[in-house]
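Below: the structure, in C-alpha cells.
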Amino acid sequence: MAASAAPPPVNLGHLQWRSPEYLLTTGGALQTAEQALDYFSYSPFFDKRSNNATLRMQMMFANGGMHGVDEERELRRLTGLEFAVSPLSRPQDDLFIIVKRQRSSPDDATVLGAFYILNGNVYQAPSLFEVVNERVLTSIHALSTSFSALTALKPAWTPQRGGAWEIKPPPAAVASLADASAAATTTDEPVPPVEGAEAQSLVEGELDAAAEDKVNGVVAPKAATADVERPGDAFNPLLFRALQATAARTTMEAMQDGQGAQGA
C-alpha cells in the first residue's frame with residue numbers, strides 16, 4: 001500500500017505568540033540569545049522534530065537541563081533540521097532573529113525560514129515571494145483605482161466641440177481658502193488698465209469669438225450658472241478688462257467724431 005502524502009505545511013504568518021508567564025521569570029524581557037531560543041521553543045513556530053528538541057530531551061535526563069550547554073556547538077555535531085539565533089549587525093534591545101535551517105555538515109547549513117522576537121512577541125518573517133506579491137498587489141490596486149476614477153471623468157467627445165475634462169469644484173473648506181487668497185491678491189495688486197491698440201484688439205477678439213459661437217450654434221452659459229459657480233461679489237479680472245476696453249474704445253470713437261466735426 002502506498003504511503004500517504006505528507007500534509008502541506010501550515011502558514012503561520014498571521015500568528016503572533018507571547019508568553020507573559022515566561023517573561024515574568026526573566027524580569028519582563030529577554031536578556032540573552034539562550035533565553036530567546038528557549039523562549040522560542042515554547043511557541044507554535046518551534047518544530048518538535050528538530051535537533052533542538054532532541055538535544056533538549058537528552059540534556060534534560062543527562063544534565064538536568066540546558067544550563068551551561070553550548071547549544072550552537074552541540075548542534076554542529078548533528079545533521080537535520082535546527083533552529084539558531086542569528087547575530088545582528090547592530091544589536092538592539094529585546095530583538096532576536098531566529099533562523100530555521102537544514103544542516104548537512106558541521107560547516108554547511110541551508111536556511112529554510114526566519115522568525116523574530118520583538119518585545120517578547122514572536123512572529124514569522126514573510127518570505128521574499130510574499131513581500132513582492134503584496135507590493136505588486138498594492139500597486140495594481142492603486143492603478144485600478146486611478147483608472148476607474150479617470151474613466152468616470154472621461155469627457156464626451158463630439159466632432160463640433162471636441163472634448164474637455166470636467167474640473168470638479170473643490171471642497172467647501174478648500175474653496176473658501178482659495179476665495180480668500182484670491183480676494184487678497186486682487187486687492188493688493190490692481191489690474192493695470194488696457195489702452196490704445198491693445199484695448200481695440202481685445203474688444204475685436206471678443207466680438208469675433210461671440211460671432212463665431214453664434215454661427216456654430218453655441219449657446220453661452222446662463223448668468224444663473226455663473227452665479228452658482230462664482231459668488232456675485234467676487235472680482236472677475238476678465239470682465240473688468242472687457243469693460244475697460246469697451247470704455248476706452250467708446251472714448252476713442254467720441255474723440256474721433258469730435259475731431260471730424262471740428263474739421264468740417
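The numbering of the sequence shown is UniProt numbering, which starts it at 1 and goes up by one. Note that the Cβ used here is the ideal one computed from N, Cα and C, for glycine as well. In this text, all values refer to a predicted model and were calculated from it rather than measured experimentally.
The straight-line gap separating the alpha-carbon atoms of Ala62 and Arg56 is approximately 10 Å. A Cβ-Cβ contact shorter than 8 Å links Val99 with Ala84.
Sixteen is the threshold: when 16 or more other Cβ atoms of the shown chains lie within 10 Å of the Cβ of Leu30, as they do, the residue is buried. Annotated three-state conformation of Val85 is strand, per DSSP.
Inter-segment contact for the segment 18-29 and the segment 108-124 is present: three or more beta-carbon pairs are separated by less than 8 Å. For the pair of segments examined, the segment 29-45 was found to touch the segment 122-137: the number of CB pairs separated by less than 8 Å reaches three. As the crow flies, the alpha-carbon of Thr138 is around 15 Å from that of Ser148. Phe96 is positioned such that its CB atom lies closer than 8 Å to that of Ala36.
For Arg90, no alpha helix (DSSP H) segment is defined, and its DSSP state is neither H nor E. Leu112 carries a strand assignment under DSSP once its states are collapsed to helix, strand and coil. For the pair Asp47 and Leu78, the CB atoms are not nearer than the 8 Å cut-off.
Judged by their CB atoms, Leu15 and Asn51 are not nearer to each other than the 8 Å cut-off.
Membership of Asn119 in any beta strand (DSSP E) is not indicated, and neither H nor E is assigned to it by DSSP. Following the DSSP letters along the chain, one finds Gln58 inside the alpha helix (DSSP H) bounded by residues 51-62.
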